[in-house]
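Chains A and B supply the protein sequences, listed in that same order. Just so we're aligned: 334 in our numbering is position 334 of the first sequence, and the numbers increase by one with no gaps anywhere. Just so we're aligned: 1095 in our numbering is position 95 of the second sequence, and the numbers increase by one with no gaps anywhere.
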Amino acid sequence: MHKMRRASGCWSILFLRRWAPYMLALAPLLFVVVMLVAPTLRLVWEGIWGQDLAMGLSEEAGTGPAGNAWSIVLDPDLRWRMGWSLMQATATCLLALVLGVPLAWVLARWQFTGRELVLRLLMLPFVVPTLVAALGVLALWGPRGWLGAPLAAAGFELEETPWMLLYGNLFFNLCLLVRAGVQALEQVSSTRLAAARTLGATAWRAFWRIEWPVMVPWLASSLCLVFLYCFSGFGLALVLGGQRYATVEVEIYRLVAHELALAQASRLALWTMGLNTLAALAYAWVEQRLASPAHVTPLPRRQVTSLTQRCVLATVLLVLFMVSGAPLLAIVLRALLALANTNSMALLLNEETLSALQNTLVFSTLALCFSSLLGVLHALALHASEIAGWRKVAARTASFLPFAVSPVMMAFGLLLLYPQWSASLPVLLGAYALLAYPFVATALTAALDQLPASYTQAAATLGARPWRVFWRVTLPLISPALRRGASFAAATALGEFAVSLFLSRPEWTTLTTLIHQHLGRPGASHLDAAMLLSALLMLLTLGCFILIETHDRSVS
Amino acid sequence: MQRRFFSFSMALLALSGVLSALGASAQQQVTLRVMTHNSFSLPKETLAQFEKKAGVKLQIVKGGSAGEMLNKLILTRNQPIADVVYGIDNTLLPRAQAAGIIDPYLGPAARRKAAAPMDDKADANGVSAGVVPVNYGYVTFNIDKAWFARQGLSLPASLQDLTRPAYNRLVVVQHPATSSAGQAFLLATISGLGEDAAFDWWARMRANGVKVAQGWSDAYYKDFSKNGGTRPIVVSYATSPAAEVFYSKEKIHTPPTANLFLTGAVFRQVEGVALLKGADPTAREAAMAFIEFMRSPAVQHDLQTSMWMYPAEAQAKRVDALQQHAQEPATFNSLPGTALHANARRWLHRWNTVVLK
């Protein structure tokens, strides 16, 4: 009798172990299907089989080069757009890698005053609204900017060149790579590194043979993100690159939002989604192959002492400042100047600003909690599942799905699929969470890959139940990654880049929407107000990061 | 820390529960769903007065730019997401009409003569296809006065002047596919010059370095020389100089910008309000009250400085800011709705080929 009960207990544990990953995966899966997959498919369906909504405006729909799936290959303009989108995304990835790796190395290995601040400031570009960021970039490099004006006088005009767009891409995305690099270097075992050095390897050789292999999966994940962001980004490309260097996503946006030419847009969107999926697959494959669990005693950081080190540090920080810091500083300076403008203060010191501030805080916190929960479930399900090989690669790829799908398609699909819900707060918050949660999921997946199974096995052997193992062992060990993911998620929620695509209500005005409202009206005070609000948004974000990462090893 | 984080999120979840419960209790009275574009803005008090008087709860839904908003309405026409729409203008009206999303309104506001008719097919009171005009404005060039004074360059006297080398790389316009100002300006050139001559002019403007921005905000705040750009001529609105005075840094009495009314470069935009087909029948009365409200003295007064438009109510008094700094142009261009409907997309593509490709 006793034995039988024990046996049935065993069975239930086995049953749980077999099905637990699926149960964990249920919530994120359901969420992604309801919020993203179904709406997008619905819109594609409408585009291909539905009534032609472009109506009188559409010319010969269904015929000519626009009418078949290969139109992208056949139409020279679309071909150029697709090629250019790919090229600029790849170029940005390469540049980010070249600039980001030394930066990450210095930030991870050396100790110097202000290091923590640099790591936190790094994330600020993420929250600045595109137009404001562009104004910052142009204050520096524009034809009338501090550096741009002398350059223009010397015959180098940067405006409307691809360089401007690449610079803007780097401004927004360098932080992704640097943060991942720092995190990766924390995972390098100090004993292995010491062994290599004792055996006579130079610092350079030790980097390539010991540190670099550990970094690759982390860098792959962030490069994949950079690629997806650049490939399907649209605000920045237009503002800085001008119409010629607009990306495919801009074309999709125009076709969907302004022409309702859903058939053409769907074809284009399917192409870009396919390419995005390839990028995500590449990342998943790299991570699958290279990630290996290891006991890690991280290397203690060294004080910067010698002159050479100081010079290297200064150079690396200068590069960072020129790419990410200076445009932000330009915005802050303009905001400080705006403080003197009493009229713009009058525009801001009212109930509207206060309620926008409140909305920003409430929405971001809710989105952060929701996306963290989903991200944790997603990563745990992936970790616990016993699938392997291509199925695991596919499952990893899926975590990038929210970034691979065109936000315009998703927003209009939501409208079509759930018209009655489209102007409701849950949908808006769901959209925020959807765009934020892959950050948590991918950061945690990487962290869990590095976690040796022996830790949790030891706890289980000592009699801890799965929940307790998770709470006391796994969670504390992955918490730095959770915090890193959460800060990106928070930054995404605070900056809410795709928010203009969704229906909004005046009572939900956030700081970002308020900035756009001010920039939508003529008058110097509105511009000043927008600058002040942007500075406030940055300050708020900085506060958020400090709160989220208080006890993070890699930062403090 | 984990525990604190956990309890914090629990508290937030509870808070959100309370908030949604509060939201649910407020939905007992009739809710009127109003779809508008992002530029819609009226003082909170004015809207609150309407809610009180009509005994409804207003739910303003912003659907992006006017064009995006209309497309969202067309996409959801089988299950309308709003009961009444504000912001359909004369360039969008033919499309809204063809999509069959409008339910004509015939109440008192539709029987008072408006200062500007919706379009060429409008009745004697300015109502067309049941859309009631609320306000109007002019899309036209604005210039940076200080720039022209500094450079000692004379102002262009015609559109053709702008294609001369003296005005090389001085103009910024908006993309007509993504900006209603850009579209209105394109239509003004077609109406003023005739289609072929207009596209010929655009081709010469391209050669003369015209810049195309995505939307009004980019053009005005990034490219216009008054705000840090390099282009002293921008496509904007006839009321923008008045707004510049109103929202200036220091108290000023003359605007830093001025209107440049050139033949073929002034488009009158008339925005209207309309009932939506298939809307919630319980909100119908409130929707009609909202249309009347948009033509009421309070709104007709407030919109002049909240949206910088001229009131459509013929009796409405102009506010000082508009009277002093926003004179209306003597002549303007417009296009018959039928021509617009038949050609809009073709013109867009032609423009794209001529100016960008």
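Glycine is no exception: its CB is placed at the ideal position from the N, C-alpha and C atoms. This structure is a prediction, so every number in the text was calculated from the model and none was measured.
Cβ-Cβ distances below 8 Å link Leu86 (chain A) to Phe231 and Leu275 in the same chain, with the five nearest sequence neighbours on each side left out; the list follows chain order. Ser1180 (chain B) is not a Cβ neighbour of Ala1279 (chain B), given a cutoff of 7 Å.
Per DSSP, Gly1272 (chain B) is one residue of the beta strand (DSSP E) stretching across Phe1267 to Leu1276. Under DSSP, Asp1103 (chain B) forms a beta bridge with B:Leu1275. Looking at the backbone, the Cα of Arg179 (chain A) and that of Pro217 (chain A) are separated by about 13 Å. The CB of Leu1356 (chain B) comes closer than 8 Å to the CB of Gln243 and Arg244 in chain A, given here in chain order. No Cβ-Cβ contact shorter than 7 Å links Phe1293 (chain B) with Thr1140 (chain B).
The residue among A:Cys544, A:Tyr437, A:Ala263 and A:Ser424 with its C-alpha nearest the C-alpha of Pro28 (chain A) is A:Tyr437. Selection A:Ile548, A:Asn343, A:Ser422 and A:Leu416 evaluated against Trp45 (chain A) yields A:Leu416 as nearest (Cα-Cα). Counted as a single uninterrupted DSSP element, the alpha helix (DSSP H) harbouring Ile478 (chain A) occupies residues Leu475 to Gly495. If you draw a straight line from the Cα of Gln1079 (chain B) to the Cα of Gln420 (chain A), it is about 8 Å long. The three-state secondary structure of Gly155 (chain A), taken from DSSP, is coil. Judged by beta-carbon spacing, Ala486 (chain A) lies within the 7 Å limit of Ile548 (chain A), meaning their Cβ atoms are closer than that value. The beta-carbon of Ala1124 (chain B) is placed no less than 7 Å from the nearest beta-carbon of chain A. Taking C-beta separations shorter than 8 Å and ignoring five residues to either side along the sequence, Thr461 (chain A) has no partners in its chain. Per DSSP, reduced to three states, the secondary structure at Ile1088 (chain B) is strand.
Between the stretch 1262-1269 of chain B and the stretch 1192-1205 of chain B there are three or more C-beta pairs closer than 8 Å, enough to call the two in contact.
For Ala257 (chain A), the C-beta contacts it makes with chain B under 9 Å involve Gly1064, Ser1065, Gly1067, Glu1068, Asn1071, Lys1072 and Thr1178, in order along the chain.
If you look at Asp1196 (chain B), you'll find it isn't in any beta strand (DSSP E); it sits in the alpha helix (DSSP H) that goes Glu1195 to Ala1207. Secondary structure within the stretch 1205-1271 of chain B: the beta strand (DSSP E) runs of 3 or more consecutive residues, fully enclosed, are 1211-1213, 1233-1237 and 1257-1260 (chain order).
Take the alpha-carbon of Val316 (chain A) and the one of Ala1197 (chain B): they are about 56 Å apart. Judged by pairs of C-beta atoms under 8 Å, the stretch 503-514 of chain A does not touch the stretch 321-338 of chain A, as fewer than three such pairs exist.
Under the three-state reduction of DSSP output, Gln1059 (chain B) falls in the strand class. Judged by DSSP secondary structure, Gln183 (chain A) falls within the alpha helix (DSSP H) whose first and last residues are Pro162 to Glu186. Under the three-state reduction of DSSP, Thr1140 (chain B) is assigned to strand. Residue burial is scored here from C-beta neighbours: Ser454 (chain A) has fewer than 16 other C-beta atoms within 10 angstroms and is therefore classed as exposed.
If you compare the alpha carbons of A:Phe400, A:Ala490, A:Ala282 and A:Gly375 with that of Trp390 (chain A), the shortest gap goes to A:Ala282. Taking a contact to require three or more Cβ pairs closer than 8 Å, the stretch 1230-1243 of chain B and the stretch 1110-1120 of chain B do not qualify as touching. Around the Cβ of Ala203 (chain A), a 10 Å sphere holds fewer than 16 other Cβ atoms; the residue is exposed.
Shown here, Ala340 (chain A) sits in coil according to DSSP, grouped into three states, outside any helix or strand. Judged by DSSP in its simplified three-state form, Thr1178 (chain B) adopts coil rather than helix or strand.
Judged by their CB atoms, Phe412 (chain A) and Val256 (chain A) are nearer to each other than the 7 Å cut-off. For Met410 (chain A), the uninterrupted alpha helix (DSSP H) segment begins and ends at Pro407 to Leu417.
Cβ-Cβ distances below 6 Å link Asn343 (chain A) to Ser525 in the same chain, with the five nearest sequence neighbours on each side left out; the list follows chain order. In the DSSP assignment, Arg302 (chain A) forms a beta bridge with A:Trp110. Pro1311 (chain B) sits in a strand when the DSSP states are folded into three classes.
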